[in-house]
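Heads up, the sequence shown stops at 575 in our numbering, and the numbers go up one at a time, no gaps.
Backbone N, C-alpha and C define an ideal beta-carbon position, used for all residues, glycine too.
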Amino acid sequence: MNHIVMLPILIPLLGSMIILLSKGLSFKIQRTLSMFLIVLLVLASIFALCIILDKGDFIYQMGDWKAPFGITFVLDTLSIALVLLTSLLALGALWYALKSDSDSRGENFHVLFHLQIFGINGAFLTGDLFNLFVFFEILLLASYALLLHGHGKKRARFGIHYMVINLVGSSIFLFAIGTLYGILGTLNMADLALKISQLSTDNTAVVATAGLLLLIVFGLKAAMFPLYFWLPGAYSSATAPVAALFAIMTKIGIYSIIRVHGTLFGELAGDLSYYYLPWVLGLGLITIILATIGVMSSKTLKEQVAYLVLVSVSILLIAIGINTPASISGAIYYLIHSTLIAGGFFLLADVIASLRGNHKDTFERTPPYKMMILTGSLFFAYAIAAASMPPFSGFLGKMMILLSAKSSEWMFLIFAVVLVTGLGVIVSLTRTGTLLFYHTKNEEERIETTIDKSIFYPIFYLFALTLLLVLFANPITTFIEQISTMIFDTHGYIAKVLSKDLA
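Quick look at the structure:
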């Protein structure tokens, strides 16, 4: 049964190989294989979640080498929740790629798509820093090629920016893990937490510096200020299914901060216990202000959705900075909501751009076009959800985070910044909806671009998943509270991975 840990990694890895070997067959067969593998991944993720709920967490030691000497994978409630979220999002993105025919714009789309998922799931499941670096590189290499999928000068320009800044991040990552290994002699996260709890004062400053370097790397992945400039251009220029899948990419940085810093520099770290939190909270507040300005000043809908991703990342950083079980519970709930909404919103923006002809998704008046009522209704539903307004799940997640802020010394600043920026997002999205769907040039000839209505199915699907967060809020929040409790239990994590306790 322990081998189920490897299913979310093996399915996309073997799937990418199978699709690559099937290139001599028809493109239709590649598409069928790709969709079958994604559905299989969803089912495997659900199965793994059910097993964890029944039997508890699983620790997989590759080759039966005991930690910290071997390669460790950890399948617990946090990692399986994000693996399942990734598979559900990937299903919607691939579904849209097939319906819109955007997967045919370049070679190897399906191979790269599954390699990307392989890297993402590996990052969520790995139990040591070096393999986290390895999976980061795998998902980044796949994302470089996916970002360029479909060609275009704008896509190539932002793709180069994205690649260069992430190469710099990878170099910093190597410096950080090299420093930790040189001082502590291990890269297994549980063993690192144990060694840091016994760290001598002579090495405290060096380890603290390595921890801040890791924070820079994870902040880059999460698009935290001042390392967020790559995101709006990269996400808005990517094809719609790629941008939708990329909605989970920033959450890998958020996860890494929670998992790595929360474990290494948690309650057992002595003088280094939670020393990184003021940085996360302060930079999160700055990021949300700048992201909101970006939302309000965007010139296209895709660019605005990209800045909305940045707003959601900022709220998660603030929740991490508050650092209570309640705030982390709210962060996980909001993370699930924001990822699904961002993915669906990118798909919807692409549909709107297709229907508006040469005007694309720019914020300018156009003549009326087909399916305005349907697209307009979907836009306002997604806009309300993205702005975290009731009755959708974003409101619940945001309220959980704000209520947890009452215990923080930064309470008044957090409330002021989050509420004011939230108002700015609402005003901006209202203005966008008005420009796209109400202030039309009725005197001019109607735009007759037609698309198949089935292209809306993945957009409905992703939105329906967020409705499930509301309909089943009680059991879901109960599960998320278990995740939050587990995150703060560093003793338990060390005991599970190393088969020893600190007591």
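By Cβ distance below 8 Å, which residues in the same chain neighbour residue i in space, the five residues on each side in sequence not counted?
i	result
Y405	S465, L468, G469, M472, L541, I548, T549 and I552
A265	T335, L336, G338, L340, A341, T562, Y565 and I566
M461	F467 and I498
F560	G334, G338, E339, P397 and I400
Return helix, strand or coil for residue i, following the three-state DSSP convention.
i	result
T198	strand
Q133	strand
I523	coil
N260	strand
F145	strand
Y307	helix
Y348	coil
Y405	helix
Y379	helix
Y441	strand
T512	coil
T434	strand
T396	coil
Does residue i pass the burial test, meaning 16 or more other C-beta atoms within 10 Å, or should it be called exposed?
i	result
H333	buried
G254	exposed
R331	buried
G494	buried
K371	exposed
W167	buried
Using a Cβ-Cβ cutoff of less than 6 Å, which residues in the same chain neighbour residue i once the five nearest sequence positions on both sides are dropped?
i	result
A310	L219
L150	I555
S384	S410
L508	none
Y132	N74, V77 and F145
S159	L113, V114 and S117
To the nearest angstrom, how far is the alpha carbon of residue i from that of residue j?
i	j	result
N203	I143	8 Å
L184	C122	29 Å
S106	V377	27 Å
T396	L82	35 Å
L113	N430	38 Å
E339	T276	15 Å
G416	G402	21 Å
R229	G241	19 Å
E317	V155	Reading off the sequence, residue 317 comes out as Leu, not Glu. Computed Cα separation, rounded: 13 Å.
F108	A214	20 Å
F130	D148	6 Å
A488	F535	29 Å
L252	P140	14 Å
V278	F301	29 Å
Q270	I249	18 Å
D343	L287	18 Å
I124	S98	39 Å
With a threshold of 7 Å on Cβ separation, who are the neighbours of residue i within its own chain once the five nearest residues in sequence on each side are excluded?
i	result
I101	S94
T438	R428, H431, T512, K513 and I519
L662	Limits of the chain in this structure are 73 at one end and 575 at the other, which puts residue 662 out of reach.
M483	A477
L212	N238
> Is there contact here, the stretch 187-201 with the stretch 320-331, by at least three beta-carbon pairs under 8 Å?
Replying inline: yes
> When the Cβ atoms of the stretch 298-314 are set against those of the stretch 414-430, are three or more pairs found closer than 8 Å?
Replying inline: yes
> Would the stretch 293-307 and the stretch 357-371 be scored as touching if the rule is three or more Cβ pairs under 8 Å?
Replying inline: yes
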